[in-house]
Structure formats: structure tokens, C-alpha cells
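2 protein chains.
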Amino acid sequence: MSVADDSDTDQVLDPARQEALEDGQLRGEFVQEVREALEEGDEQRVQELAEPLHNADIADLIEQFAPSERPDLAAALGDQLSPEVIAEMDDEVREDLVDLLPPEVVASVLSELDTDDAVAIVEDLDEEDQKAVLRALTADDRAALEEALGYPEESAGRLMQRDLIAVPQDWDVGQVIDFLRAAETDDLTEEFWEIFVVDARHHPVGTLKLSHLLRAPRPTKIADIMLREQTLVPVDMDQEEVALRFQKYALISAAVVDDAERLVGMITVDDIVHVVRQEADEDFRRLTGAEEGGLNERTRDIVRQRLRWLVINLGTAVAASIVIGVFSDTIEQIIALAILMPIVASLGGNAATQTMAVTVRALATDELTVSNTGRTIVKELRVALINGVAIAALIGIAAGVYFAQPLLGVVIAAAMLGNIVIAGLAGLLIPILLDRADIDPAISSSVFVTMTTDVMGFLLFLGLATAVLL
Amino acid sequence: MSVADDSDTDQVLDPARQEALEDGQLRGEFVQEVREALEEGDEQRVQELAEPLHNADIADLIEQFAPSERPDLAAALGDQLSPEVIAEMDDEVREDLVDLLPPEVVASVLSELDTDDAVAIVEDLDEEDQKAVLRALTADDRAALEEALGYPEESAGRLMQRDLIAVPQDWDVGQVIDFLRAAETDDLTEEFWEIFVVDARHHPVGTLKLSHLLRAPRPTKIADIMLREQTLVPVDMDQEEVALRFQKYALISAAVVDDAERLVGMITVDDIVHVVRQEADEDFRRLTGAEEGGLNERTRDIVRQRLRWLVINLGTAVAASIVIGVFSDTIEQIIALAILMPIVASLGGNAATQTMAVTVRALATDELTVSNTGRTIVKELRVALINGVAIAALIGIAAGVYFAQPLLGVVIAAAMLGNIVIAGLAGLLIPILLDRADIDPAISSSVFVTMTTDVMGFLLFLGLATAVLL
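Read top to bottom, the protein sequences are chains P and Y. Each residue of the first sequence is one higher than the one before, counting from 192 in our numbering. Each residue of the second sequence is one higher than the one before, counting from 192 in our numbering.
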């Protein structure tokens, strides 16, 4: 066994794999070594280098190369580019690579994967390629994939795998163990942590943990050791909802049932970890109107997605400018207003975004409910009042002193307090209203919220100044 | 078995539990029913209502009540307020409740929990309470907790549980099964999915999946069916790093080792799901300078955390105002500049935040590496140029036409293009530089990035206007 001195280094039992990694990432030097082998056309060396790596690391390796270099690397990797490696890749990287492969090759890759991984690859193909690939599959595989593709995107039906162990409820422990031992290894899914118990109509009636099965004597009836309380996932449930159930009840796997309550598949927690991460990533990027796919998205898609939001933002910025335009006479007379007005808008925007970030996440994770919304509004108002008074006092005194005009200080302080209170309410209520209207608050809140604080900031400050100072 | 008609409703096998839930949340009516029973002082009814609920749902129920009502509810719940319910609660809610309990009661709660859950409760107590609780524990439990508390916060040592199954490498399958059956149920952890195989010095040498164990005949040597390749987690590794390993290698559990490479605990994937969610939530809120704890944080803490960021933001807004002040003579002559200048700053800020959101998440999830940083910079520049030209053309033409001053259109278009390109670079490079300097980019990027785009936006626009239009 290798003993690592540096406790921050990945500790895996294979020293060659450990060599290639540092802090969980592929080492820059290692990637460089692969690059050199590739440039020299030394395919054997490329494969030797990749051999000790985990599938996920080979997928990472491919992502480290520029899009234009990836086809060559993929070709050089040969057998090291296994179906599992392809399943591990980032969606965008995989799409580009799969597009280059003939349908028969894609079909043979799919046939070796679990349904959920195969679906993830097929769903990204364009319609024509999808048809060609499906045609190249065996009838069984095709039927399974077509059924999965029939479920909505990001639903339990797409996430689930069909390979699972289900046993009738009248068996005993010995029968289950004999069944598991007798089955051909190829016929059984490798990864299972729980066995589902079903009645004669294939309705799930309980779950059997492997640890309980292992510890019970052979004649024990499984009905006596199975857990009867279980969370069943409807096949059309959104994956975000499924993930919340897994989190709440600390599930390791869950049975997926169709409309007739029959067991049709299972979802395992390792897929849920990805969903939690992916949904959080999406919310995070959507809040700013960035693209959805992250680092490997194509330039064209990034431009299109971001530009849409910039154009919307241009609209809201113009709306704020129109408010300024209304007060242009006032500004002409007191130029200090032009200097100070962005401060009121900026602080309001920041205060609103703080509240909005908390609200959007609380909505996404089911924490904000009918029962606690009222209490939360009161709390946000209290926070906004306290912070508003503090910031208003600071800027009011500073502006009054600097411009030697106490009344200007009073005006900016009042506008600031008003805008921060409005910001607190907007940051809370806008996401809640969007959510009630079934619009994803993560995508759209930000625009409405900052428009509100910009417009109200300028309106309050310049309006008050016109009334008080002229 | 109950058959639900609405496939969106939680389907659990216990009809009473199903009654209380809707879309995975407690129904408002159910919470109201509990509230009425509580107000009538009918403790028996409260307990009846809570009885069919899952521990996680009882924890949710308590969180639905206002902080001032929670002690009464907790008292009324009686035995329904089990140690597991307390472990499921939100940190802030639990802290308040645990503060009300005498140390002996807290100690008896802790003694029934796994180490990781017990640590999560103890670590939040203030020092005095912590000491009192530790004193009330048995020597064994105290030693285990004190050792766990000796590891850094959010490290593998805090996250791991000590109860695990480890067997010597020279055993066969029959010996393992007999060992599991012979052990007292109380002595064995309930939840285990893998068995760790150790050598004579308690160093892990492999992992045994329960599914493999179940399917192997009794005389099989476990050395022949164990997986030799495994990811070992050093006890002081940060939980975010641990979570990345679980995601990458789709782990279900992992062995935790001390400095001498001895097996000291295990981390299971259900805890990792929480870490992934918690770290994403943190990043999301930190990006805006909101508080760290979410919906149940105390008002005092929220005010303190948010105010700090508002004050910093006040500083950066004043810096931008100073730039405007430099050009006050120009603005006095061309009042249109005051109307248009927020547009340049706002769009720059939005473009920068888009890039920043992608960069911060890519850094947090180890996607941005030495090998692809250069390529990413080129891509961001290209995106910024394309979007910059598009937005500059839009606003340039509109401003030139509206103010009937073509040169003003040219000035704002040039400033806009420049600011969006600067925004793209700032959104990418500032988080990367902060990360290299070991400062969490999620916390601090936002301030620096928006200050850059505000200051540069005003400087470019007003500077160009002064040079060209006067």
C-alpha cells in the first residue's frame, strides 16, 4: 500500500493513478505529458498514461483539451474511451464528440450503459441522429430508450434506471440470497443497495436493506424484515422534487412507480448528488442571466443566452434613465445630484439582491412555506429598517458635510432609507409572486428587482430634491 | 396500500402521513391543526398528529412555528421530539431549542445519535454549555465527541461517523456473515452499504460491497471479491473537497484515515448530499453578501452580516461618484450625460456578473484548471466583443437619434463596448486571482467586480465625452 505523506493529496491504492492527481484534479504536468504523446502520434503512450485513471478522470482529461484537439485525443485513447467514460463527460463536450461517431458506434456504446446514462446521451442528439442511433439498437434496448425518452426532460423517468432487484413479498431470506447467487452476473445490475419487495401486481410494498438481509437467518420471511414505510417517486416527478425527497429522508435509493402504481425503475443517490449540484449551479448562473451550461458551453450559445439578458437589462436601464430625464432641470441646477444619484440606486440594488438570494434559494429548497411567509416579511422589513437607517445616516452626514448643504444630506438620507426598505420588500415579494405564477424565480427575479430599486432610487432622490431643494 | 390519484402528491405507504403532506411539504391546514391543538393545551392531540410523521417532517413542523412558540410546541411533542428529530433541524432553530434544555437532557440526546449528528449539535453550543454537556456524557461518548471536536470545522473528521464495519483481510464470506449476525443489533450501525477491509495495523486495503458479499458463496475469500481501488479521505480534508470526490467517483461511502493511514471513520453519501446543497447555498448567498444561514437566521445576525457588505458597497459607490465628480463641469454643459451614464455602468455590471457567476462555480467545483484557463480567457474575450458590439450599436443609435447628436451616440457606443470587454475580463480574472490568493471568490468577487465596471463605465463615458464633445 502506498502511504502518502501529504494528507491533502488524493489517497488511492493505485500509485500510478495517484501520480496523475493532485488535490483531486489532474496535474498540469500529467496533462502536458499526454499532450506531448499525442503530438508525437504515440497512441500507445497515450493509452498507457490513461490506463490507471478512473473513468471520471479520463473524462476530465478530455475536457482539459481544446475542442479542436478532442477528436484526435479520443481516437488515440482507443479502448480507454469506454462507454462509462463517455457517460462521465460534460454534456457539451460529449455532444461534440458523439456527433463525430457513426450511429452504429454510438448504439454499441449505449447498449453497455444503464438506461439513465444512455438516455442522457441520446436526449442531447438532434432528431435525425437520434433516429439513426435508435435504429441501430437491438429491439429491447430501443424500446427501453424510447420509453424513457417519452417522459418529460429532467423527470424521474429520465433519471431512473430499469435494472433493479425486485422480489415477491412471500419469499424468505434464503430464497432471496439463492436468487441473487443464481442470477447471471450480466443480468443483474452491479450497483444496488436496496431490494424492492412487490406484490403480485408489481406494486411496491416495502424495501429491504442489504444490511438487514445479510444479518437475518435464512428462514426469516422478508415481510418481517422489510421496511414498510417508503417514499415512492412518480415517474413524471421533476428531478428537483425528487432530489428534495432524497435530502429530506436521507434516501439511498427509491422506487419509481407509473400511474398505475407499478414499480418501473429505481433512482439511486449517486445520481441525486449530481442533480443537487446541477440545480444549484443552474440557479446560481440564472440569477445573473449567465448561460446555463457552464464552462464547456459553446461560444455561440453563450453569446445568445447572455445577450438576451443584456438586452433586457438595457431596457430596464433605459427605464431608469427616463426617470432621470424627467428631473433634468433639477440636475442642471444642482450638479451634486448627478454625482450622488448612483449611490442611492447602487445601495438599493445591493440590499435587494441580498434578500433576493436568500428568498430564491428558500423557494428552491421548499423552505419558504405558507406558514412562515408572513413572519419572513416582518423580519425582512425589520432588517431593512435597521440597515436603511444605518446607511442613510452615513451617507446623509457625509453628503451634507462634503457639499456644505445640510438639506442635501437630509434628502439623500431619506431617499436611501426609502429605497432600502423598498429593496427589502422587492427582494422578497418579487420572487414569491413569480413562484406563485409558476415562473422560475431564479431566472427572472434579478431583472425586476434591480429595475425596481434603480427606478425608485432615482425617483425618490431626484423627486425629493426637486420638492425640497429648489 | 393506498393509491394516490394525484401523481404530484407524496406517495408513502402510511395514509396518515400522506394526509399531512402536499408536494413534499407539510400542508398549511395540517400545521394549523397542530397550532389549534397547541393553543388548546391538548398535548395528546399534538402528539397524535405528529405520530405518523417522519423525523424530518417533525423537524419541519417545528420550523413552521415562530421562534417564540417553539419551546411550547417542543414540550407538547413529548417523546415525539426524538434525538433524530433534533438532529434533522436547521442549525439556528436547533440552537435556540437546545439552549433551553438542561445539559443532562442534551447529553442523553447526544448519546443516542451517531457521532456526526452529535458533533453537529455540540459544535454550535457556546463554550460553557459545551463543557457542561460533555461532563454529563459517559466517558466513552465524551472521548469520541472531544476527538471529533478536535478536527477543524467542516472537515472530514467532523462529518464522519465512527460506527462502521471493518473486517480483517484474511476472512472469508462466511466469517463476515456470521460476524454480522452474531453482533448485537445495538453494537452495529444500522446504516452501512459497504464493509471496509483492513490489515493487521488497521490500514484499509479494500472495500466490500454488500451486493458482492450477498452473491458470493460462503467459502469465498473476501480478498478475492473486495474492490482494491478506493478513495481514502484524510481526516482533515475540507468537506467541500470530500463532496467533490464523492461526486466524481459516484461513491456511496468512503473510509476516513488519520495521519498514520489508519481507518478512523466513514462518511456516507447521505451526509454528502447535505454538504453539496449547503456549500451551493453558501456560495449563492455569499455572491450577494447576504447572510450565511438562510431563512432561520436570527435578525441580529442578518443585520450584522448584510450591513458589513452594504457599508463596503457604500465605499465602492462613493468611489464611482468621485469619478463622476471629476467630470461635473462636463455634465453641467451636457445634461444628457447625467441621463445616460447609469446605462453604461449598469450594463457593464450585468455583463461582469454573468461571467463572474460562471467563474465562481467553475472554481468551486474544480472545473477551472491550469490547463483550460488560457482557453477560457480567449473565449470570454470573444463573447464580450460580440455582445459588446451588439449592445453598443443598440444604445449608440438610440442615444444619437433621441438627443439628435450623432457624436453623443458614438461616445456612448465606444464607452459601452470598452466597459463590456473590461467587464468580461474582470468577471473572469478577479475570482481567479482571489482564488490563487486563497480568498474565497464567492464572498469577495462581487464587490471588486462591480466597482471595476462602475468606475470604468463612468470614466470611459464621461472621459470620452469630455475629449470629443466639448
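We put the CB at the ideal spot given by N, CA and C, even for glycine.
> Contact check, P:Gly-532 vs P:Leu-653 under 8 Å by CB: the rounded distance?
Replying inline: This sequence places Met at residue 532 of chain P; Gly is not what is there. Their Cβ separation, rounded to whole angstroms, is 7 Å, which keeps P:Met-532 and P:Leu-653 in contact under 8 Å.
> Does the distance from the C-beta atom of P:Ala-207 to that of P:Phe-221 stay below 8 Å?
Replying inline: No, the Cβ-Cβ distance between P:Ala-207 and P:Phe-221 is not below 8 Å.
>> List, in chain order, every chain Y residue whose beta-carbon is nearer than 9 Å to that of P:Gly-485.
In response: Under the 9 Å cutoff, chain Y gives Val-549, Arg-552, Ala-553, Thr-556, Glu-558.
> In chain P, which residues lie with their C-beta within 8 Å of the C-beta of Y:Trp-500?
Replying inline: Near Y:Trp-500 (Cβ distances below 8 Å), the residues of chain P are Asn-541, Gln-545.
> In terms of residues, what are the limits of the alpha helix (DSSP H) holding Y:Gly-654?
Replying inline: According to the DSSP assignment, Y:Gly-654 belongs to the alpha helix (DSSP H) that extends over 632-660.
> Using CA coordinates, which residue listed in P:Ala-347, P:Glu-239, P:Val-517, P:Ala-257 is at the minimum distance from P:Leu-268?
Replying inline: The shortest Cα separation from P:Leu-268 among P:Ala-347, P:Glu-239, P:Val-517, P:Ala-257 belongs to P:Glu-239.
> Going by C-alpha distance, which of P:Glu-279, P:Phe-256, P:Ala-298, P:Val-237 is nearest P:Asp-270?
Replying inline: Considering only P:Glu-279, P:Phe-256, P:Ala-298, P:Val-237, the residue with the shortest C-alpha distance to P:Asp-270 is P:Val-237.
> Using DSSP with H/G/I as helix, E/B as strand and the rest coil, what is P:Gln-216?
Replying inline: Here P:Gln-216 sits in strand by DSSP.
> Which of the three DSSP states, helix, strand or coil, is assigned to P:Gln-255?
Replying inline: Helix, per DSSP.
> In the structure shown, what three-state DSSP assignment does P:Thr-348 receive?
Replying inline: Going by the sequence as given, residue 348 of chain P is Gly instead of Thr. If DSSP states are grouped into helix, strand and coil, P:Gly-348 belongs with the helices.
> In the DSSP assignment, what are the bridge partners of P:Gly-397?
Replying inline: Per DSSP, P:Val-388.
> With DSSP run on the structure shown, which of helix, strand or coil describes Y:Ile-458?
Replying inline: Three-state DSSP puts Y:Ile-458 in a strand.
> For the ligand COA, is there a heavy atom less than 7 Å away from the beta-carbon of Y:Ile-458?
Replying inline: Absent from the structure shown: the ligand COA. Ligands present: none.
> For P:Glu-523, which residues in chain Y fall below 8 Å Cβ to Cβ?
Replying inline: The contact set of P:Glu-523 on chain Y, defined by CB atoms closer than 8 Å, consists of Glu-523, Ile-526 in chain order.
> What span of residues does the beta strand (DSSP E) with P:Arg-359 cover, start to end?
Replying inline: Correcting the residue identity first, residue 359 of chain P is Pro in this sequence and not Arg. That run of the beta strand (DSSP E) goes 357-359.
>> So for P:Asp-363, helix, strand or coil by DSSP?
In response: Strand at P:Asp-363.
>> Just to make sure I have the definition right: I need the residues of chain Y whose C-beta is within less than 7 Å of the C-beta of P:Ser-537. Which are they?
In response: Near P:Ser-537 (Cβ distances below 7 Å), the residues of chain Y are Asn-504, Ala-508.
>> What does the alpha-carbon distance come out to for the pair Y:Asp-361 and Y:Ile-413?
In response: Roughly 7 Å between the two C-alpha positions.
> Cα separation between P:Thr-544 and P:Ile-513?
Replying inline: Distance from the CA atom of P:Thr-544 to the CA atom of P:Ile-513, rounded to whole angstroms, is 23 Å.
> P:Pro-533 versus chain B: which residues are under 9 Å apart at the beta carbon?
Replying inline: No chain B is present in this structure, whose protein chains are P and Y.
>> Cβ closer than 8 Å: which chain P residues qualify as neighbours of Y:His-465?
In response: By Cβ distance, chain P contributes Gln-438.
>> Contact between the region 509-524 of chain P and the region 584-604 of chain P is defined here as three or more beta-carbon pairs at a separation below 8 Å; is this criterion met?
In response: Because the criterion of three Cβ pairs below 8 Å is not met, the region 509-524 of chain P and the region 584-604 of chain P do not touch.
> How is the beta strand (DSSP E) around P:Pro-425 delimited, first residue to last?
Replying inline: Judged by DSSP secondary structure, P:Pro-425 falls within the beta strand (DSSP E) whose first and last residues are 422-425.
> Residues bridged to P:Ser-444 by DSSP?
Replying inline: BP columns for P:Ser-444 point to P:Thr-459.
> Assuming P:Gln-430 and P:Ala-446 make a contact with CB atoms under 8 Å, what is their CB distance in whole Å?
Replying inline: Rounded to whole angstroms, the Cβ separation of P:Gln-430 and P:Ala-446 is 16 Å, and the two are not in contact under 8 Å.
>> Please classify P:Lys-400 as buried or exposed, where buried requires at least 16 other C-beta atoms within 10 Å of its C-beta.
In response: The residue in question, P:Lys-400, is buried, as its Cβ has 16 or more Cβ neighbours within 10 Å.
> Does DSSP classify P:Leu-244 as helix, strand or coil?
Replying inline: Here P:Leu-244 carries a coil assignment [DSSP, helix/strand/coil].
>> Which same chain residues end up closer than 8 Å to P:Val-638 when comparing Cβ atoms and leaving out the 5 residues on each side of it in sequence?
In response: Short of 8 Å from the beta carbon of P:Val-638, and not among the five residues preceding or following it, lie these beta carbons of its own chain, in chain order: Gly-480, Trp-500, Ile-503, Asn-504, Thr-507.
> With burial defined as no fewer than 16 other Cβ atoms inside 10 Å of the residue's Cβ, what is the status of Y:Pro-294: buried or exposed?
Replying inline: Around the beta carbon of Y:Pro-294, 16 or more other beta carbons lie within 10 angstroms, which makes this residue buried.
> Name the DSSP beta bridge partners of P:Asp-429, please?
Replying inline: According to DSSP, P:Asp-429 bridges with P:Ser-346.
> Quick one: is Y:Ile-568 near chain P, going by C-beta distance under 8 Å?
Replying inline: For Y:Ile-568, the answer is no, since every Cβ of chain P falls outside 8 Å of its Cβ.
> Along chain P, which residues have their Cβ under 9 Å away from the Cβ of Y:Arg-453?
Replying inline: Within chain P, no C-beta atom comes less than 9 Å from the C-beta of Y:Arg-453; the nearest is roughly 11 Å away.
>> Since Y:Val-448 and Y:Leu-423 should fall inside the 8 Å C-beta cutoff, what is the C-beta to C-beta distance between them, to a whole number of angstroms?
In response: Y:Val-448 to Y:Leu-423, Cβ: 5 Å. Contact.
> How is P:Leu-418 classed by DSSP in three states: helix, strand or coil?
Replying inline: Note: P:Leu-418 maps to strand in three-state DSSP.
> Which ranges would you report for the alpha helix (DSSP H) in the region 542-601 of chain P if only whole runs of at least 4 residues count?
Replying inline: If one requires a minimum length of 4 residues, the alpha helix (DSSP H) runs lying completely within the region 542-601 of chain P are 561-593, in chain order.
>> Counting only Cβ pairs nearer than 8 Å, list the residues of chain Y close to P:Gly-219.
In response: By Cβ distance, chain Y contributes Thr-560, Val-561, Ser-562.
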